[in-house]
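Colleague:
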Amino acid sequence: MMRPEHQGIGMTSRRTRERLVQRLCDKGIRSPAVLEALRNTPRHIFVDEALASRAYEETALPIGHGQTISQPYTVARMTEALLEGGAVETVLEIGTGSGYQCAILAQLVRRVYSVERIAALLDQARVRFRELGVRNIRLKHSDGGIGLPEYAPFDGILVTAAPAGLPQNLLQQLAVGGKLILPIQNNKGQVMVRVTRTSDGFRQESLQSVNFVPLIGGMI
Ligand code: SAH
Numbered sequence: 132m133m134r135p136e137h138q139g140i141g142m143t144s145r146r147t148r149e150r151l152v153q154r155l156c157d158k159g160i161r162s163p164a165v166l167e168a169l170r171n172t173p174r175h176i177f178v179d180e181a182l183a184s185r186a187y188e189e190t191a192l193p194i195g196h197g198q199t200i201s202q203p204y205t206v207a208r209m210t211e212a213l214l215e216g217g218a219v220e221t222v223l224e225i226g227t228g229s230g231y232q233c234a235i236l237a238q239l240v241r242r243v244y245s246v247e248r249i250a251a252l253l254d255q256a257r258v259r260f261r262e263l264g265v266r267n268i269r270l271k272h273s274d275g276g277i278g279l280p281e282y283a284p285f286d287g288i289l290v291t292a293a294p295a296g297l298p299q300n301l302l303q304q305l306a307v308g309g310k311l312i313l314p315i316q317n318n319k320g321q322v323m324v325r326v327t328r329t330s331d332g333f334r335q336e337s338l339q340s341v342n343f344v345p346l347i348g349g350m351i
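Just so we're aligned, residue 132 is where the sequence shown starts under our numbering, counting upward by one.
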């Protein structure tokens, strides 16, 4: 994933990424594969150049169009929750945004599909993936609430914008044993939820509180 020109210097250097990985470890991220993917991914490529020096801080950053790149801990935790137990080969992400979460997933599974409603963000992400030489990502400009029925079922679906309730279309596109990770709004705020499809239904677990932008219908 990391070409020499993406290694970074100073606040974007390998050493800065190493410190980020150490902080994630301290906060409870345990999966060596997930930590390695974050270590190997130049997050500064996924934000505006003016923000590159803040790319490895534990914070969400603006990516334009009123959207944000999720904070590294949230990316790591969602990815870990998706990969825990069972083999995961195909993943659908809803909300490509900067493409950072997608690039992390691409290092851990065989194929990633990602859907984004804002064409300008999708175009930028596409350029980044090409620069990084990532080849196992398929992008689509579409309303993620519909999912991606033409490629279903998926072993995992990760939603990076908060819907009002459980999206039924996405549940139906999960393979048996597959997991849907998403932020859900409840009366106390947003919680990250994992829904696992079983042979006779769905099992739901609440993981932790999170703070995502809302899932919005329609495309621009
Ligand atoms: N995974 C992203 C996070 C982006 S923020 C990253 O790593 O940077 C959430 C994204 O979801 C935004 O880009 C927003 O435009 C997108 N989004 C919101 N509603 C959507 C919908 N219905 N379908 C597809 N994308 C949506």
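Positions of the beta carbon are idealized from the N, C-alpha and C atoms, including for glycine.
It should be emphasised that the depicted structure is a prediction, and the values quoted were computed from it without experimental measurement.
On the DSSP bridge list, what partners appear for LEU313?
Modeller: Its beta-bridge partners are VAL324.
Colleague: Of all the alpha helix (DSSP H) runs that stay within the bounds of the region 200-256, which reach a length of 4 or more residues?
Modeller: 203-214 and 231-237
Colleague: The ligand SAH heavy atoms versus the CB of GLN198: any closer than 7 Å?
Modeller: yes
Colleague: Between which two residues does the alpha helix (DSSP H) containing ARG170 stretch?
Modeller: 163-170
Colleague: Grouping DSSP H, G and I as helix and E and B as strand, with all else coil, what is HIS196?
Modeller: coil
Colleague: Cβ-heavy atom distance between TYR244 and the ligand SAH below 7 Å?
Modeller: no
Colleague: Within a Cβ cutoff of 7 Å, which residues of the same chain sit near ALA237, ignoring the five residues on either side of it in sequence?
Modeller: VAL243, VAL265, ASN267 and ILE268
Colleague: Within 7 Å: the Cβ of TYR231 and any heavy atom of the ligand SAH?
Modeller: yes
Colleague: Does the distance between the C-beta of ASP274 and the nearest non-hydrogen atom of the ligand SAH fall short of 7 Å?
Modeller: yes
Colleague: Just to confirm, does ILE140 get its C-beta within under 7 Å of one of the non-hydrogen atoms of the ligand SAH?
Modeller: Between the ligand SAH and ILE140, a heavy atom-to-CB distance of less than 7 Å is absent.
Colleague: Residues in its own chain within less than 7 Å of LEU253 by CB, not counting five upstream and five downstream?
Modeller: Excluding positions up to five away in sequence, the list reads THR227, GLU247, LEU270 and HIS272.
Colleague: Which residues bound the beta strand (DSSP E) around ASP157?
Modeller: In the DSSP assignment, ASP157 falls outside any beta strand (DSSP E) and within the unbroken alpha helix (DSSP H) covering 145-157.
Colleague: Shortest alpha-carbon distance to THR291 belongs to which of ALA212, GLY139, GLN232 and GLU188?
Modeller: GLN232
Colleague: Does the ligand SAH have a heavy atom nearer than 7 Å to the CB of LEU252?
Modeller: Yes, since a heavy atom of the ligand SAH falls inside the 7 Å radius drawn around the Cβ of LEU252.
Colleague: Drop a sphere of 10 angstroms on the beta-carbon of GLU189, count the other beta-carbons inside from all chains shown, and report buried for 16 or more, exposed for fewer.
Modeller: exposed
Colleague: Could you pull the start and end residues of the alpha helix (DSSP H) that GLN339 belongs to?
Modeller: No alpha helix (DSSP H) holds GLN339; the beta strand (DSSP E) holding it covers 332-341.
Colleague: Taking Cβ positions, are GLU215 and LEU289 nearer each other than 8 Å?
Modeller: no
Colleague: Compute every distance between the C-beta of ARG170 and the non-hydrogen atoms of the ligand SAH, then say whether any falls below 7 Å.
Modeller: no
Colleague: If contact is defined by three or more beta carbon pairs under 8 Å, each pair taking one atom from either stretch, is the region 152-166 in contact with the region 301-314?
Modeller: no
Colleague: Could you tell me the alpha carbon to alpha carbon distance between PHE333 and GLU136, rounded to whole angstroms?
Modeller: 45 Å
Colleague: Alpha carbon to alpha carbon, how far is SER330 from ARG146? Give it in angstroms, no decimals.
Modeller: 45 Å
Colleague: Does the beta-carbon distance from THR191 to THR199 come in below 8 Å?
Modeller: Strictly speaking, residue 191 in this sequence is Ala, with Thr absent from that position. A contact, by the Cβ cut-off of 8 Å.
Colleague: Alpha carbon to alpha carbon, what distance is there between VAL165 and GLN153?
Modeller: 12 Å
Colleague: Starting from the C-beta of GLY320, find all residues in its chain whose C-beta is less than 7 Å away, skip the five residues before and the five after it, and write them out in chain order.
Modeller: SER340
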